[in-house]
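Engineer: One line per chain: the protein sequences are A and B, in this order.
Quick note: the first sequence uses the working numbering, first residue 697, plus one each step.
Quick note: the second sequence uses the working numbering, first residue 697, plus one each step.
Where is the CB? At the ideal position from N, CA and C, for every residue including glycine.
Model, not experiment: these values are computed from the prediction.
Take a look at the following structure, please.
There are 2 protein chains.
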Amino acid sequence: MTTTSTFSAIKEDGTKTMHLGRHVLAEFFECDSNVLNSLEKIEKLMVDAALECGATVVQKCFHAFNPYGISGVVIIAESHFAIHTWPELGYAAVDLFTCGDKCDPKVSYEFLRKAFYSKNASYTELNRGILDETDMKVLEVPFKVGVQEISN
Amino acid sequence: MTTTSTFSAIKEDGTKTMHLGRHVLAEFFECDSNVLNSLEKIEKLMVDAALECGATVVQKCFHAFNPYGISGVVIIAESHFAIHTWPELGYAAVDLFTCGDKCDPKVSYEFLRKAFYSKNASYTELNRGILDETDMKVLEVPFKVGVQEISN
Numbered sequence: 697m698t699t700t701s702t703f704s705a706i707k708e709d710g711t712k713t714m715h716l717g718r719h720v721l722a723e724f725f726e727c728d729s730n731v732l733n734s735l736e737k738i739e740k741l742m743v744d745a746a747l748e749c750g751a752t753v754v755q756k757c758f759h760a761f762n763p764y765g766i767s768g769v770v771i772i773a774e775s776h777f778a779i780h781t782w783p784e785l786g787y788a789a790v791d792l793f794t795c796g797d798k799c800d801p802k803v804s805y806e807f808l809r810k811a812f813y814s815k816n817a818s819y820t821e822l823n824r825g826i827l828d829e830t831d832m833k834v835l836e837v838p839f840k841v842g843v844q845e846i847s848n
Numbered sequence: 697m698t699t700t701s702t703f704s705a706i707k708e709d710g711t712k713t714m715h716l717g718r719h720v721l722a723e724f725f726e727c728d729s730n731v732l733n734s735l736e737k738i739e740k741l742m743v744d745a746a747l748e749c750g751a752t753v754v755q756k757c758f759h760a761f762n763p764y765g766i767s768g769v770v771i772i773a774e775s776h777f778a779i780h781t782w783p784e785l786g787y788a789a790v791d792l793f794t795c796g797d798k799c800d801p802k803v804s805y806e807f808l809r810k811a812f813y814s815k816n817a818s819y820t821e822l823n824r825g826i827l828d829e830t831d832m833k834v835l836e837v838p839f840k841v842g843v844q845e846i847s848n
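Here is the structure:
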């Protein structure tokens, strides 16, 4: 990945921190089970979710499990989108990892929430690869939790 | 994905919670840049990391970026492993998502830490798809943070 960093947060001492990636952990509850169990639909929706936020699709791989459930990943030039579905529970765990300022994973989250007919969902944004703004070196610290929202 | 849940934690009221997936966010710092920039090595190591913890590899897709950096995903029967590398910073962001009791993502984390010659790393384990033990329905709550460790 190229070193395109994104403004992250203003620290307590007033300095800024930057990060390499935005990693969204999305939990979709009470979804349409027919959508969650369709390999064709999930693949199309995940690709569309990437395109919707302006990402460039590089590769994709999807797999349907027996008796049910889909796993799949879309590699984008800006990182990746991944999904695992449990149609029997109406639940999908989605990861939207983007780098740079070009894409907003929140757009993809809202797109998928509607596409899955999810009645409840949660959105958590983590910053990964925290950079020191003085020398742009990656700091040896874990990710930071940014935004967290629950949509009902 | 099939509904194979894992014992999660004992809640304050003494009852247990279960979850569908273990999602490890691994941050590898001060790695060998030559390893991080080799498509062949990264692909092999990610597949080996999956096999090492007893996972079944279903599909894989990897991509080398210009001028440097690798992105890739291994879909396993138990979920997925994903990686993004920044060789110029000696940094890799890795996700190890497993379901069921068969695989321990901690094993894969330790394997990759050694394989990348990472001098510092952080391991955070999230529980995704929290279940109500009484009716095994997925609870409409975000993931929970389980273990977090920093290895120097």
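1. Pairing CB atoms from the segment 816 to 828 of chain A with CB atoms from the segment 728 to 745 of chain A, are three or more of them under 8 Å?
2. Can you tell me where the beta strand (DSSP E) holding TYR805/A begins and where it ends?
3. Just the C-alpha distance for PRO801/B and THR830/A, rounded to the nearest angstrom, thanks.
4. Please tell me whether ALA722/B and VAL790/B are closer than 7 Å, where the distance is taken between their beta carbons.
5. Is it the case that the Cβ atoms of VAL754/A and ALA778/A are separated by a distance below 7 Å?
6. If I follow the unbroken beta strand (DSSP E) through LEU835/B, where does it start and stop?
7. What span of residues does the beta strand (DSSP E) with LYS840/B cover, start to end?
8. CB TYR787/B to CB GLY825/A, shorter than 7 Å?
9. Among MET832/B, LYS756/B, TRP782/B and MET742/B, which one has its Cα closest to the Cα of LYS810/B?
10. Output the distance between the C-alpha atoms of THR832/A and PHE761/B, rounded to the nearest integer angstrom.
11. Give a yes or no on whether the minimum CB-CB distance between CYS757/A and chain B is below 7 Å.
12. Give a yes or no on whether 7 Å exceeds the smallest Cβ distance from HIS780/B to chain A.
13. With 7 Å set as the bound, which would you pick, yes or no: does the beta-carbon of ALA760/A sit closer than that to a beta-carbon of chain B?
14. Mind listing the chain A neighbours of ARG824/B? Cutoff is C-beta to C-beta under 9 Å, in chain order.
15. Is there a Cβ from chain A that is less than 7 Å from the Cβ of HIS715/B?
Structural biologist: So, from the data block:
1. no
2. Taking the first sequence and counting its residues from 1, the one referred to as residue 805/A is at position 109. No beta strand (DSSP E) contains TYR805/A, which is instead part of the alpha helix (DSSP H) from 801 to 811.
3. As a working note, residue 801/B is residue 105 in the second sequence. As a working note, residue 830/A is residue 134 in the first sequence. Roughly 35 Å between the two C-alpha positions.
4. Stepping through the second sequence from its first residue, residue 722/B is reached at position 26. Stepping through the second sequence from its first residue, residue 790/B is reached at position 94. The answer is yes: Cβ separation under 7 Å.
5. On the first sequence, position 58 is the one that residue 754/A refers to. On the first sequence, position 82 is the one that residue 778/A refers to. Cβ distance not < 7 Å, so VAL754/A and ALA778/A don't count as in contact.
6. Counting from 1 along the second sequence, the entry for residue 835/B is found at position 139. Premise fails: LEU835/B is in no beta strand (DSSP E) and is neither H nor E.
7. Working through the second sequence from its first residue, we reach residue 840/B at position 144. Segment 840 to 847, the beta strand (DSSP E) holding LYS840/B.
8. Position 91 of the second sequence, counted from the first residue, corresponds to residue 787/B. Position 129 of the first sequence, counted from the first residue, corresponds to residue 825/A. Contact: yes.
9. Locating residue 810/B in the second sequence gives position 114, counting from the first residue. The shortest C-alpha separation from LYS810/B is found at MET742/B.
10. For this step, residue 832/A is matched to residue 136 along the first sequence. For this step, residue 761/B is matched to residue 65 along the second sequence. In the sequence on display, residue 832/A carries Met and not Thr. The straight-line gap from Cα to Cα measures roughly 20 Å.
11. Within the first sequence, the letter at position 61 stands for residue 757/A. Yes, its Cβ sits closer than 7 Å to a Cβ of chain B.
12. If you number the second sequence from 1, residue 780/B lands on position 84. It does: the Cβ of HIS780/B has a partner Cβ on chain A nearer than 7 Å.
13. The residue given as residue 760/A occupies position 64 in the first sequence. Not an interface residue.
14. For this step, residue 824/B is matched to residue 128 along the second sequence. Those within 9 Å of ARG824/B in chain A are LEU721, GLU723, HIS780 and ALA789.
15. Residue mapping note: residue 715/B aligns to position 19 of the second sequence, counting from 1. No, no contact with chain A.
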